[in-house]
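Following our numbering, the numbering of the sequence shown begins with 917 at its first residue and continues without gaps. C-beta atoms are modelled at their ideal positions from N, C-alpha and C, and glycine is treated no differently. If you're wondering where the values come from, they're calculated on a predicted model, not measured in any experiment. Structure first, commentary second.
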Amino acid sequence: MTGLIDLVRFSSLGAYKDALAERSEVFTARWLWGEHLEAACRHSGLYPGYCSLCAKPTEFRFSAGPGQSVNLREELHCRDCGLSARARVAASLLKMACPPDSAAKVYLTEQTTALYRHVRRHWSDVIGSEYFEESARDRIQAFMRDSLGLDERLRFEDVTALSFADQTLDAIVSCDVLEHVPDYRAAAAEFARVLKSGGQLVLTVPFLDQTQSTLTRARVLADGQIEHLEEPEYHGDPLDPEGVLAFYHFGWDLLETLRASGFESAQWCLPWAPAEGIFSGQWTLLATR
Ligand SMILES: [Zn+2]
């Protein structure tokens, strides 16, 4: 448990399937709860609950487009900290791994988000970065200042070639970035290189929980052209109106990639905390260097 969150950890697809078989009522009930809530939450509204990051009762704000059901992962923003359900899970797991008073050096692969702002506020030694064309710098800098009230210099990092020295970070939080990195194995190796021994990686990506092998949706050819192997999928990005292409939907083999990169352990974790507005399917990967 972390706060009110029941966190189930799995080291392999086999272990997950065993748990599904042994506790099918529990997993089915949780899945149904989320499904029914999604269907019930049309338009917009408030879901009452408790935010353990804010340590107080709150309301989780949600909205959905016309005719659409609510996205329980990207919505349910806490009234007070403003974090979505996905971001609250990431912040809660970071808090569990490196408490805010631990003086941990924390790196986030984002700098223009409510999650970054939250971590910056509560941890003392925090670095965030974005990946952008130089021509977009002024626009992103303005977004960070105007939308988030963050008056600080935008930092550029390529996750496949980080500027940090070896073994200098205590934790890395990377949310929905790796699927946009063609050479994600290089990023995994970089995360392993820059984390201290015992350092923690908190990671979210699109995850196929029934599938061992990562699905390659697109790849970069030798001449730099992109070849689409699946229907192109672009993820919404407040910094890029066209969205960003997803090269992958990951399978359980991402755990093996991380272990082969130097992580001592890696697990896919399934949090569940309806009182905290955290429902089924919010897979988050935790790895220890
Ligand atoms: Zn909150």
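The beta strand (DSSP E) with arginine 1135 in it runs from where to where? 1134-1136
Does tryptophan 1168 come out as helix, strand or coil in the three-state DSSP assignment? coil
Proximity below 8 Å, CB of tryptophan 1184 to CB of phenylalanine 1123: Cβ distance < 8 Å, so tryptophan 1184 and phenylalanine 1123 count as in contact.
With a cut-off of 8 Å, do at least 3 Cβ pairs link the segment 1041-1056 to the segment 1019-1026? yes
Rank Ser985, Thr1200 and His1096 by C-alpha distance to the C-alpha of valine 924 and give the top, closest one. Thr1200
Under 8 Å between C-beta atoms of leucine 1155 and threonine 1076: no
Compute the Euclidean distance between the alpha carbons of arginine 1002 and valine 1093, then round it to the nearest angstrom. Per the coordinates, the alpha-carbon of arginine 1002 lies some 13 Å from the alpha-carbon of valine 1093.
When the Cα of glutamate 1158 is compared with those of Ser1177, Tyr1150 and Asp1099, which residue comes out closest? Of Ser1177, Tyr1150 and Asp1099, the residue nearest in Cα terms is Tyr1150.
Under the criterion of a Cβ to heavy atom distance below 7 Å, does threonine 1029 qualify as lining ligand 1? no
Under 8 Å between C-beta atoms of serine 985 and alanine 955: Cβ distance < 8 Å, so serine 985 and alanine 955 count as in contact.
Is any heavy atom in ligand 1 found nearer than 7 Å to the beta carbon of leucine 969? yes
Report yes if the C-beta distance between arginine 1033 and leucine 1064 is below 8 Å; otherwise report no. yes
Extract the residue ranges of the beta strand (DSSP E) inside the segment 1016-1089, only unbroken runs of 3 or more that lie entirely within it. 1021-1024 and 1041-1044
Is it true that the segment 996-1012 meets the segment 959-969, where meeting means three or more beta-carbon pairs spaced less than 8 Å apart? yes
Quick check on this structure: which residue in Gly981, His993 and Leu1085 has the alpha carbon closest to the alpha carbon of serine 1113? In this structure, Leu1085 is the residue among Gly981, His993 and Leu1085 with its C-alpha nearest to the C-alpha of serine 1113.
Considering only DSSP beta bridges, list what leucine 1111 is partnered with. Leu1085
By how many angstroms is the C-alpha of tyrosine 1100 removed from the C-alpha of alanine 1052? Looking at the backbone, the Cα of alanine 1052 and that of tyrosine 1100 are separated by about 23 Å.
Would glutamine 1198 be called buried (16 or more neighbouring beta carbons within 10 Å of its own) or exposed? The residue in question, glutamine 1198, is buried, as its Cβ has 16 or more Cβ neighbours within 10 Å.
Assuming contact is defined by CB atoms lying nearer than 8 Å, are leucine 1174 and alanine 1087 in contact in what I supplied? no
Tell me which residues share the same chain as glycine 1193 and place their Cβ nearer than 7 Å to its Cβ, disregarding the 5 neighbours each side in the sequence. Tyr963, Gly965, Phe976, Leu992 and Ala1001
Does histidine 959 come out as helix, strand or coil in the three-state DSSP assignment? coil
Pull up the DSSP beta-bridge partners for lysine 972, would you. DSSP output for lysine 972 lists Cys967 as bridge partner(s).
Out of Gln1116, Ala1189 and Ser1196, which has the shortest C-alpha to C-alpha gap to phenylalanine 943? Ser1196
Taking buried to mean at least 16 other C-beta atoms within 10 Å of its own C-beta, is tryptophan 947 buried or exposed? exposed
Contacts around valine 1136, its chain only, beta-carbon distance under 7 Å, and the 5 residues preceding and following it disregarded: Counting only Cβ-Cβ distances below 7 Å, and skipping sequence neighbours, we find Pro1098 and Ile1142.
Ordered along the chain, which non-local residues of its own chain (more than five positions away) have a Cβ less than 6 Å from that of alanine 1030? Residues Gly998 and Leu999 of the same chain have their beta carbon placed closer than 6 Å to that of alanine 1030, with the five preceding and five following residues left out of the count.
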